[in-house]
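Engineer: Throughout the sequence shown, residue numbering follows this note's numbering, covering 3 to 229 in sequence.
In this text, a Cβ means the ideal position worked out from N, Cα and C, and glycines have one as well.
What follows is a single structure, and I will ask about it in a moment.
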Amino acid sequence: MLSRPEKVLGLIWDGTGYGTDGQVWGGEFYLFEEGKMHHLAHIGEFPHFLGDKMSREPRLAAFALSQENPALCASLATKFSPSEWQAYTQLVRKAPLRCRSMGRLFDAVASRLGLADFQSYEGEAALYLEVCARDYFKKNGFRRIPAYLAEASPPDNVATFLFAQVAKDCEAGKDKTWIAARFHCALLELMAQTAARHQVSHLAFSGGVFQNSLLLDLIKKIFIFSL
3 MLSRPEKVLG
13 LIWDGTGYGT
23 DGQVWGGEFY
33 LFEEGKMHHL
43 AHIGEFPHFL
53 GDKMSREPRL
63 AAFALSQENP
73 ALCASLATKF
83 SPSEWQAYTQ
93 LVRKAPLRCR
103 SMGRLFDAVA
113 SRLGLADFQS
123 YEGEAALYLE
133 VCARDYFKKN
143 GFRRIPAYLA
153 EASPPDNVAT
163 FLFAQVAKDC
173 EAGKDKTWIA
183 ARFHCALLEL
193 MAQTAARHQV
203 SHLAFSGGVF
213 QNSLLLDLIK
223 KIFIFSL
C-alpha cells in the first residue's frame, strides 16, 4: 500500500486506544497521500469514566453518550440502582478523560437495545449487536436500508448523534433487528461520506471493530461497489 500512488482512507476503529493527546481514541480516520499519513477526523467525543469498568459494562457507555440529552439519559435510569445513578452522575460530570471509541459506541447501542448491560469479555456486547443485525439481513437480504446519516455531511459528533437516533427508534417501538441493521448501515454511510468528501476510492481497515463479520460482509456486498 505504501508504494501506491492513489490516496487511501484509513479507518482505525477499536475499543480502547491511547491517543497522542492523552485521551481515549478508537474511532479514527486517516488519509495516506504522497507517502504521508494525516489524521483527518474522528467519530466525536464523549466522557470516559470509571476506567476499565466502562469497557466491562456497556450500560456505562450508554450513560456517557447520553449526557448531553437529558431525556435520553433519563430513559436509562432503570439500568442502575438509585445509589449508582447518583454516584455515576457525579463521576461522569467530573470525568477527566474524553473518549471517541467506536467499540464503546457499539457497547452503548447494544445496551440501549437491551442486548447486554454487562459483558464478560471485550466485544461480547458488540457480538450480540452484530448477531441481532444479521438476523434482519437473513430475513430481508443484504441491501441498504434508510441509514441514520442521510445527509451529505455527517454531524459534528457522529457518536452522540447515532446513539440518540438509535434511542429514538427504541422509544418508537421499532424492531430491534431493524435498528441494529440500520446502525450498521449508518457506519457504511459514514465511510462513504468521508471517502467522497476527500475524493478517495481506496480504503484500509484496522482495529477490533472490523472483526465484525457482518460489517465486512456489508462493505463487500454493498459499499465497495458504490465508490
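Note down, one range per segment and in chain order, each alpha helix (DSSP H) of at least 4 residues found wholly within the region 38–110.
Structural biologist: You should have 55–58, 60–67, 72–76 and 84–95.
Engineer: What number of angstroms, rounded off, separates the C-alpha of PHE227 from the C-alpha of CYS187?
Structural biologist: With a pLDDT of 48 at PHE227, under the threshold of 50, the predicted position of this residue should be treated as unreliable, though the coordinate-derived value follows. So the two alpha carbons sit approximately 15 Å from each other.
Engineer: Below 6 Å CB to CB, which residues in the same chain sit around LEU205 once its five sequence neighbours on both sides are set aside?
Structural biologist: The answer, listed in chain order, is LEU11.
Engineer: Look at the alpha carbon of ASN142 and the alpha carbon of LEU115, and state the distance between them as a whole number of angstroms.
Structural biologist: The alpha-carbon atoms of ASN142 and LEU115 are separated by roughly 20 Å.
Engineer: Going by C-alpha distance, which of ALA43, ALA183 and GLY21 is nearest ASN159?
Structural biologist: Looking at the Cα atoms, ALA43 is the closest of the given residues.
Engineer: So, is THR179 buried or exposed, given that buried needs 16 or more other C-beta atoms within 10 angstroms?
Structural biologist: By the neighbour-count rule (16 or more Cβ atoms within 10 Å), THR179 is buried.
Engineer: Please state whether DSSP places SER124 in a helix, a strand or coil.
Structural biologist: Rather than Ser, the amino acid found at residue 124 in this sequence is Glu. DSSP places GLU124 in coil when its eight states are reduced to three.
Engineer: Identify whether ILE181 lies in helix, strand or coil by the three-state DSSP scheme.
Structural biologist: It is helical.
Engineer: Count the other CB atoms, across all protein chains shown, that sit within 10 Å of the CB of GLY46; report buried if there are 16 or more and exposed otherwise.
Structural biologist: The residue in question, GLY46, is buried, as its Cβ has 16 or more Cβ neighbours within 10 Å.
Engineer: Judging by CA-CA distance, which residue of SER85, LEU190 and GLU173 is the nearest neighbour of ALA73?
Structural biologist: Taking only the C-alpha atoms, the option nearest ALA73 is GLU173.
Engineer: Jot down the residue ranges of each uninterrupted alpha helix (DSSP H) in the region 163–214, minimum 4 residues, whole runs only, in chain order.
Structural biologist: Correct list: 178–199.
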